[in-house]
Every structure is written in C-alpha cells, then in structure tokens.
Amino acid sequence: MEDTQSVATLMDSTTSKIQQLQKAFAELESHRAVTLNLQWKQLEEHFNGLQKSLKRRFTELEDQEKEFETKIVQSTEILEKRQAAVIAKEQASLQRLQEKRDAAVSAISIALEKHRNPCSVEPTVINCVVEDEPSVLEEKPDNLTEIGLVTGDTWKSFQDSVVEVKSYPELVNLCRNMDSEGLHKFISDNRKNLAALREEIPLALRASTNPASLVLDSLHGFYNSDVSISDAKKDANLLGLRRTCIMLLECLSTLLNTLDTDSISSIISENTRGRAKAIAEEWNPKLDELDVDANNGNSLEAHAFLQLLATFSISSNFNQENLSKLIPMVSRRRQTADLCRSLGLSDRMPGVIDVLINNGRHIDAVNLAFAFELTEQFPPVSLLKSYLNEASKASTPSNSGNASPTVQNDVNEKELSALKAVLKCIEDHKLEEQYLVDPLQKRVHQLEKAKADKKKATEVAKPQSKRPRPNGVGNGPRVNNVVPEKNFYPRMTDRYPQPVYDGPYAYPGPTNTHVPSFIGAPAYNFSPGHDFFGNGYHYQAPYLH
C-alpha cells in the first residue's frame with residue numbers, strides 16, 4: 001500500500017513539473033530570436049499523453065490487486081472448509097474404528113466366556129454330560145450361523161448324539177459311515193439343490209468320526225491319470241467331481257470355523273495334516289502345466305489346491321511367491337478374496353492385480369482392488385476405460401471394410417460382452433457418479449438391435465424346405481430318438497471380452513478357512529446346459545467367484 005501511495009503522489013506532481021518545464025522553456029525562448037511556440041505544444045502534448053497512460057495503467061493495476069485480494073479470501077475460505085471436512089472424516093473414521101474395536105473386544109469376551117462355560121452357550125446345541133447322563137440334542141439349528149461353539153470336551157459327545165439336518169437326513173448316514181463315494185454320488189444326484197446341500201453338509205460332517213479324513217478320502221480321483229489336461233476340460237464327469245471336491249473342502253472349513261482350537265486339533269491331527277500335505281505336494285507339480293490365463297480365471301485345479309492349503313492350514317509349507325502366481329488362475333471365483341486372506345497373501349495383491357491388468361483382465365483387477373481397498377493405487381474407472389479400449393482394439397479386424405459377416409458378428413459379440421461386463425462392474429461397485437453409463441447403454445442397445453436385425457434377415461433369407469410327398473418318394477429314412485450331443489459345461493470365453501456377471505458381485509468378508517483325498521469317481525450325468533459349480537453358486541460364465 002505504501003508503494004501505491006508513493007506512485008500516486010508522484011503522478012499528481014507531474015502537472016507541477018510540466019509547469020516548471022514550461023517556465024524554463026519560456027526563459028530559453030527569450031534568448032532566441034526564433035519563436036518556439038510550436039515546439040512547446042508538441043512537448044506538452046507528449047507529456048500529457050504519458051500522464052494519461054500512466055494513470056490508466058495505474059488504475060488497471062489497482063483493479064488487479066483488488067481481484068487478487070478477493071481470490072485470496074475465497075481460497076482461504078475453501079481451504080478452511082476442506083480442512084473442516086477432513087477433520088470431520090477423521091473423527092468419523094476414529095469413531096468407526098472405535099466401534100469395531102469395541103465389537104471385537106466384545107466378541108473375544110463372548111468367545112472366551114463360551115470356551116470357559118460351554119454349557120451356557122445360546123442357542124444350546126448340546127447339553128454337557130451331567131451325572132453320567134448322555135448328551136441330548138436340544139435344538140435343531142436353522143442355519144450354520146446358529147451352530148454353537150463346540151469345544152474339545154464336547155466333540156466326542158456330539159458324535160454320539162443324534163445329528164439332524166433339515167432337508168437331507170441321508171447326509172448324516174453317509175458321513176457317519178465315512179462313505180465318501182456315496183457322498184459324491186448323493187451330491188451329484190441332488191445337484192439342483194446345491195445351496196441347501198452346502199448349508200447342511202457341515203452339520204452332517206459332525207456325525208463323522210473323522211470329518212477331515214472323510215473329506216480327504218473324497219479327493220480321490222481329482223486327477224485321473226487316464227485323462228490328459230486338455231481332455232479333462234471336456235470331461236463332464238471329472239469336472240463335476242472336482243467341483244464337488246472343492247465344495248466339500250469348503251464345507252469342512254465352515255465346520256472348523258465353529259470349533260475351538262482343541263476341537264480343531266482333535267479333528268485335524270498331525271497325521272491328517274501330513275496326509276493333506278502329501279496330497280498337496282502331489283498336486284503342486286501338475287499346476288505347472290497351467291498358464292496364467294488357465295480357464296480364464298476359473299481354474300478348478302488351482303482353486304482346489306489353494307482351498308486344500310487353506311482348510312488344513314498348510315500354506316506355510318509352500319513358497320508364498322508361487323502361491324501368489326496361482327491367484328490369477330482363480331481370480332473369477334467368489335472365494336478368491338477369502339482364500340488370499342487365509343493364505344496370508346493380502347500383501348501380495350498389488351502384484352497380482354498388475355498381472356491381471358497386463359493380461360487384459362481388468363474386470364478381475366477392479367474387483368480385487370475393491371476387495372483389498374487398493375482403489376487409490378488402481379483407479380477403477382481408468383481400468384474400466386482401458387479395458388474397453390483394449391477389448392475394442394483386440395476385436396477389430398485389420399481390414400474391417402472387407403470383413404465377412406461372420407467375422408463382423410464375432411467383433412460385435414466381443415464388444416457387446418465387454419460393454420455388459422463393464423456395466424455390471426459399475427453397478428456392483430456403485431461407480432455411476434464416476435463413470436457415466438448412458439453412452440455405454442446406448443452402444444449396447446445399438447449392438448443388440450443390429451444383432452437382432454441380422455438374425456431376422458438371415459432367417460428370412462433361408463430357403464424353405466420342400467414339403468414331403470405323400471408317398472414318401474425322395475425322402476430319407478426316418479430317424480427317431482436322436483439324442484443331441486450334450487454340452488454340460490460350455491467352453492469358457494476368450495480373453496476378450498470377459499463374461500458378464502450373472503448375479504451381484506460381492507467378495508465375502510474375511511473368514512477363517514480350513515481343507516481335502518479322493519474316492520472312485522461316481523457318474524455325474526449332468527443335464528444339458530448345467531452350470532452349477534460345486535461351491536454352491538450358479539454361474540453363467542462371467543465373474544465366477
């Protein structure tokens with residue numbers, strides 16, 4: 001401000017300076033014989049112009065200074081508001097953290113209390129033995145969440161008690177008789193109700209004298225020496241057996257999650273753990289024949305191996321780096337996030353996500369980024385846009401102008417599948433505010449309309465078959481009861497595009513996981529179009545977790 005006032009004072013003194021100059025010039029003129037009136041007017045106009053220019057520039061500088069001060073005030077207000085918002089978020093986060101901490105402390109206290117007083121567990125599952133009276137099952141749990149914590153002292157009593165399941169009581173007898181082959185056949189025969197089976201198998205396993213050994217027995221035949229890897233992908237019976245093995249491993253893990261440490265030790269003894277380790281060591285070399293894109297992120301072999309390690313807690317016997325390389329092979333399975341946590345691979349997920357991105361599996365990368373809270377390191381919107389761009393490049397033929405109708409249809413199908421996969425991912429993770437879906441939906445509508453129009457035009461262009469003559473002349477022999485070839489498990493799609501989700505995507509929260517040998521493979525006569533997996537989920541081919 002002082003500099004501004006000094007500049008204004010100097011500008012105001014310009015007039016007096018000009019007057020002094022005029023007097024000096026007049027005095028000089030008096031000593032000359034020739035008049036200088038015309039020259040003085042030119043000098044006066046020059047100085048007046050300079051004065052006006054300086055005043056105009058000075059006024060502009062003052063306006064800019066005021067505008068700058070206004071911006072400073074506005075920026076200060078915005079910073080204060082943001083600082084207040086950050087403080088509010090910190091307080092909210094601290095409050096949520098405190099709530100989670102209190103809940104964890106409460107859960108630990110309750111668990112300790114249940115461990116100390118197993119007789120008082122609510123809802124009661126088993127009465128403790130009092131005065132030499134036998135244990136009695138008081139209440140049938142409606143679901144797995146109502147199964148009480150069973151301690152080592154009550155596990156044997158539980159085996160001797162009557163185990164009841166709601167829908168499939170035959171499971172109890174199969175487990176009690178340690179009939180792994182019959183268990184496989186029963187699951188195959190009731191494959192349409194895998195969700196109910198998945199809930200009741202952990203209950204039925206309680207009737208077994210050795211549930212872990214039963215599950216390990218069920219793994220027999222997972223690798224059939226007579227079937228090559230390429231043929232195994234086409235063998236419906238073998239695929240069904242493998243899915244059932246995975247489901248039984250997961251059900252054993254569910255059972256172990258309801259037990260205390262002593263009970264788990266009694267079920268998974270050192271001998272049982274050693275047997276599981278031997279199976280894992282036998283399977284491990286076979287995984288070397290699989291590539292990163294094995295089954296496009298839905299490898300049953302890799303999933304079963306990782307689930308075996310997680311269920312029996314033997315992952316420490318294997319190289320963590322090698323285990324992390326198997327994750328891209330199962331990235332489409334819903335259990336992937338829980339498997340990674342159980343195997344202690346959470347800190348390796350950034351590397352796994354990088355591998356998925358480099359292999360064009362951006363949808364899987366986005367899902368894992370959300371599951372492990374890595375969205376800042378891997379922005380989901382950028383990944384989805386990159387996925388669409390790469391899928392478009394991969395599905396565009398080199399000579400699009402001369403492309404045949406078949407090739408063009410394939411290109412449109414790939415683009416349509418990629419768009420649907422992205423739209424599903426946006427919906428699952430609620431990214432609508434960050435990624436506008438209207439242009440994508442319009443493009444999907446255009447492709448679907450073009451597809452329908454081409455199909456309609458093709459049907460119209462087909463020549464109609466001639467009607468058979470009454471006497472049958474010219475007609476071939478009539479063939480009855482022609483059974484079409486069954487394709488139980490449709491071929492997985494290529495790398496581009498990734499299939500669309502059939503149901504809402506969600507990684508389950510962290511859970512403890514625990515895991516299984518094989519018996520002769522029963523017949524898995526699945527009906528055409530069957531797409532049930534042994535983990536109890538119904539898949540269409542998209543993100544298969």
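With full-length UniProt numbering, the residue at position 101 of the sequence shown is 101, and numbering never jumps. Cβ coordinates follow ideal geometry from the N, Cα and C atoms, glycine included.
- Start and end of the alpha helix (DSSP H) containing residue 240? Boundaries of the alpha helix (DSSP H) harbouring residue 240: 236-257, taken from the DSSP string.
- Query: For residue 175 versus residue 207, is the C-beta distance shorter than 8 Å?
  - Reply: Yes.
- Query: Does the segment 270-290 come close enough to the segment 332-342 that 3 or more CB-CB pairs lie under 8 Å?
  - Reply: Result no; under three Cβ-Cβ pairs closer than 8 Å.
- Message: Quick check: what's the CA-CA separation for residue 330 versus residue 350?
- Response: Our two residues, residue 330 and residue 350, have alpha carbons roughly 16 Å apart in a direct line.
- Applying the criterion that 16 or more other CB atoms from any shown protein chain within 10 Å of the CB defines a buried residue, is residue 364 buried or exposed? Label assigned to residue 364: buried.
- Query: In its own chain, which residues sit with a C-beta less than 8 Å from the C-beta of residue 211, not counting the 5 before and 5 after it?
  - Reply: These residues qualify, in order along the chain: 175, 205, 252, 255 and 267.
- Query: Can you tell which of 193, 182, 191 and 215 has the C-alpha that lies nearest to the C-alpha of residue 202?
  - Reply: In terms of CA proximity to residue 202, 215 leads the group 193, 182, 191 and 215.
- Item | Beta-carbon gap between residue 286 and residue 301 smaller than 8 Å | In terms of Cβ geometry, residue 286 and residue 301 form a close pair [threshold 8 Å].
- Task: Compute the Euclidean distance between the alpha carbons of residue 257 and residue 241, then round it to the nearest angstrom.
- Result: Using only the alpha carbons, I get a separation of about 25 Å.
- Task: Quick one: give me the first and last residue of the alpha helix (DSSP H) that residue 412 is part of.
- Result: Residue 412: member of the alpha helix (DSSP H) spanning 405-428, first to last residue.
- Using the C-alpha atoms, what's the distance from residue 433 back to residue 444? Those two C-alpha atoms are separated by around 19 Å.
- 4 or more residues per run - each alpha helix (DSSP H) lying fully within the segment 279-357: As far as the segment 279-357 is concerned, its whole alpha helix (DSSP H) runs of at least 4 residues are 300-311, 320-326 and 336-342.
- Expressed to the nearest angstrom, what Euclidean distance is found between the alpha-carbon atoms of residue 78 and residue 389? When rounded, the distance between both Cα atoms is 37 Å.
- Message: Rounded to the nearest angstrom, what separates residue 425 and residue 441 at their Cα positions?
- Response: One C-alpha to the other measures close to 13 Å.
- Message: DSSP three-state label for residue 219, please.
- Response: In the structure shown, the three-state DSSP call for residue 219 is strand.
- Task: Please name the residue, chosen from 52, 58, 46 and 51, that lies closest to residue 5 on a Cα-to-Cα basis.
- Result: Comparing Cα-Cα distances from residue 5 to each of 52, 58, 46 and 51, the minimum goes to 58.
- Message: Check whether the segment 10-22 and the segment 40-56 touch, using three or more Cβ-Cβ pairs below 8 Å as the test.
- Response: In short, these stretches touch, since the Cβ pair count reaches three.
- Measure the Cβ-Cβ separation of residue 384 and residue 353 and say whether it is below 8 Å. Using a Cβ distance threshold of 8 Å, residue 384 and residue 353 do not count as a contacting pair.
- DSSP three-state assignment for residue 206, whether helix, strand or coil: Here DSSP, grouped into helix, strand and coil, assigns residue 206 to coil.
- In whole angstroms, what separates the C-alpha of residue 320 from that of residue 80? Residue 320 and residue 80 have their C-alpha atoms roughly 47 Å apart.
- Query: Beta carbon of residue 418: closer than 7 Å to some heavy atom of the ligand COA?
  - Reply: No copy of the ligand COA occurs in the structure displayed, which carries no ligand at all.
- Spell out whether any CB of chain B is found under 8 Å from the CB atom of residue 47. Structure shown: chain B not included; a single protein chain is present.
- Buried or exposed (CB count within 10 angstroms, at least 16 for buried), residue 28: Residue burial annotation: residue 28 is exposed, with fewer than 16 other C-beta atoms found within 10 angstroms of its C-beta.
- Message: On a Cα-Cα basis, can you pick out the residue from 297, 414 and 305 that is closest to residue 368?
- Response: The shortest Cα separation from residue 368 among 297, 414 and 305 belongs to 297.
- Task: Along the alpha helix (DSSP H) that carries residue 437, what are the first and last residues, could you check?
- Result: That residue, residue 437, is in no alpha helix (DSSP H); it is neither H nor E in DSSP.
- residue 14 versus residue 71 - alpha carbon distance: Whole-angstrom Cα-Cα distance: 34 Å.
- Count the other CB atoms, across all protein chains shown, that sit within 10 Å of the CB of residue 82; report buried if there are 16 or more and exposed otherwise. Residue 82 comes out exposed.
- Helix, strand or coil: which one does DSSP assign to residue 364? If DSSP states are grouped into helix, strand and coil, residue 364 belongs with the helices.
- Alpha carbon to alpha carbon, what distance is there between residue 173 and residue 95? Rounded to whole angstroms, residue 95 to residue 173 spans 50 Å at the Cα level.
- Query: How would you call residue 327, buried or exposed, if buried means at least 16 neighbouring beta carbons within 10 angstroms?
  - Reply: That one is buried.
- Compute the Euclidean distance between the alpha carbons of residue 299 and residue 107, then round it to the nearest angstrom. Roughly 36 Å between the two C-alpha positions.
- Quick one: is residue 422 buried, meaning 16 or more other Cβ sit within 10 Å of its Cβ, or exposed? By the neighbour-count rule (16 or more Cβ atoms within 10 Å), residue 422 is buried.
- Task: Alpha carbon to alpha carbon, how far is residue 359 from residue 348? Give it in angstroms, no decimals.
- Result: Their backbone Cα atoms lie some 17 Å apart in a straight line.
- Task: Would you check if the distance between the CB atom of residue 306 and the CB atom of residue 343 is smaller than 8 Å?
- Result: The answer is yes: Cβ separation under 8 Å.
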